[in-house]
Amino acid sequence: MLRRRVMEVADDLPPRVDIPQPIIMTDDEAVLYEGNRKNAFQSLKELKIDKIQKLRLFCTHPYVYSGKNLQSDPSLVSSKYQRLCEIVEEIVNNEEKVLIFTSFNKMNELLVSDLKKRFSIPVLSITGETDVKDRQSIIDDYSNIEGAAALILNPKAAGAGLNITAANHVIHYNLEWNPAIEDQASARAYRRGQSKTVFIYRLFYVGTIEEIINEKILRKRDISNVAIIGNQGDIDKEDLERALNISPIGGMGNA
Numbered sequence: 013m014l015r016r017r018v019m020e021v022a023d024d025l026p027p028r029v030d031i032p033q034p035i036i037m038t039d040d041e042a043v044l045y046e047g048n049r050k051n052a053f054q055s056l057k058e059l060k061i062d063k064i065q066k067l068r069l070f071c072t073h074p075y076v077y078s079g080k081n082l083q084s085d086p087s088l089v090s091s092k093y094q095r096l097c098e099i100v101e102e103i104v105n106n107e108e109k110v111l112i113f114t115s116f117n118k119m120n121e122l123l124v125s126d127l128k129k130r131f132s133i134p135v136l137s138i139t140g141e142t143d144v145k146d147r148q149s150i151i152d153d154y155s156n157i158e159g160a161a162a163l164i165l166n167p168k169a170a171g172a173g174l175n176i177t178a179a180n181h182v183i184h185y186n187l188e189w190n191p192a193i194e195d196q197a198s199a200r201a202y203r204r205g206q207s208k209t210v211f212i213y214r215l216f217y218v219g220t221i222e223e224i225i226n227e228k229i230l231r232k233r234d235i236s237n238v239a240i241i242g243n244q245g246d247i248d249k250e251d252l253e254r255a256l257n258i259s260p261i262g263g264m265g266n267a
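Numbering (this note's numbering) for the sequence shown: 13 to 267.
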């Protein structure tokens with residue numbers, strides 16, 4: 013299993029610092045999320061997983077969820093995005109590189125567009141739509157950049173087999189049900205050949221589906237069970253019920 017392999021070669025690796033980032037939604041975000049949560053809760057008996065996945069999408073950014081074009085500074089309407097910008101600003105000021113993982117292409121697009129303008133740095137991207145034969149050249153271009161740069165990646169498209177040790181910061185912008193996907197993504201930077209301390213940031217909203225996903229990940233890691241079959245990480249009905257019951261307005265509630 014990946015976790016055990018990393019432990020076995022720990023002497024070959026620099027220090028790794030894991031930094032969980034629990035985030036509270038803005039009042040406006042919480043109200044919108046609550047409406048979507050109640051709608052998704054009604055679909056549980058019908059097993060409409062797409063509505064449940066939309067809650068994960070909402071947790072990326074309200075603009076991404078609504079499909080609207082950027083109407084203002086995206087950090088002003090999302091406390092998670094605001095926190096990401098604070099982290100990236102510190103990385104840029106230190107002239108270092110960052111990998112940002114998100115599962116959603118629209119969030120990838122927002123990150124590429126906004127971070128380029130906001131920080132005046134090169135921002136590259138790999139999604140599931142990126143041709144496999146082009147991915148290594150993108151990584152090479154990124155690695156050869158002098159100073160700060162960001163690479164935005166889909167964890168399933170670029171989370172395994174790639175060596176990106178030019179970066180020593182990894183941000184998981186949204187969490188996956190399967191911890192193995194996250195661990196493989198972190199290992200793009202935290203691997204043999206890395207000479208710097210690696211910082212791993214995990215951003216998640218408390219009182220939302222992301223808090224439940226985070227708890228599931230931690231439980232799986234506690235029992236050293238990261239070799240989970242399937243990208244969904246064995247989501248069961250209990251996971252879904254807890255994810256749909258938790259609310260940013262009042263904790264564990266009812267629909």
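Heads up, the beta-carbon is just placed ideally off N, CA and C, and yes, glycines get one too.
Around the C-beta of T220, are 16 or more other C-beta atoms found within 10 angstroms, so that it is buried, or is it exposed?
buried
Within 8 Å, strictly: CB atoms of V100 and I164: no
Notebook entry, point to check: DSSP three-state call for I258: helix, strand or coil?
Noted result: Three-state result, I258: strand.
- prompt: Taking the beta strand (DSSP E) that K80 falls in, what are its first and last residues?
  reply: Run containing K80: none; DSSP gives neither H nor E here.
Assuming Y154 contacts A178 (C-beta within less than 8 Å), just tell me the rounded distance between them. 7 Å
C-alpha gap between D143 and F113, whole angstroms: 18 Å
- Proximity winner among F70, P27 and I225, relative to T38 (alpha-carbon distances): Answer by Cα proximity: F70.
Practice task
Identify whether Y185 lies in helix, strand or coil by the three-state DSSP scheme.
Solution key: If DSSP states are grouped into helix, strand and coil, Y185 belongs with coil.
- [ ] Mind checking which residues open and close the beta strand (DSSP E) that includes V210?
- [x] V210 to Y217
Fill in: Reference D23, options G205, N166 and K228, closest by Cα
G205
So, is P260 buried or exposed, given that buried needs 16 or more other C-beta atoms within 10 angstroms?
-> Label assigned to P260: buried.
Note to self: Quick check on the burial criterion: 16 or more other C-beta atoms within 10 angstroms. Buried or exposed for Q148?
What the structure shows: exposed
*asked:* Going by the DSSP bridge assignment, what does I35 pair with across the sheet?
replied: Y217
Exercise. How long is the line joining the alpha carbons of P86 and E222, rounded to whole angstroms?
Worked result: Going from the Cα of P86 to the Cα of E222 covers about 20 Å.
Boundaries (first-last residue) of the alpha helix (DSSP H) holding I138: It is not in any alpha helix (DSSP H) - I138 instead sits in the beta strand (DSSP E) that spans V135 to I138.
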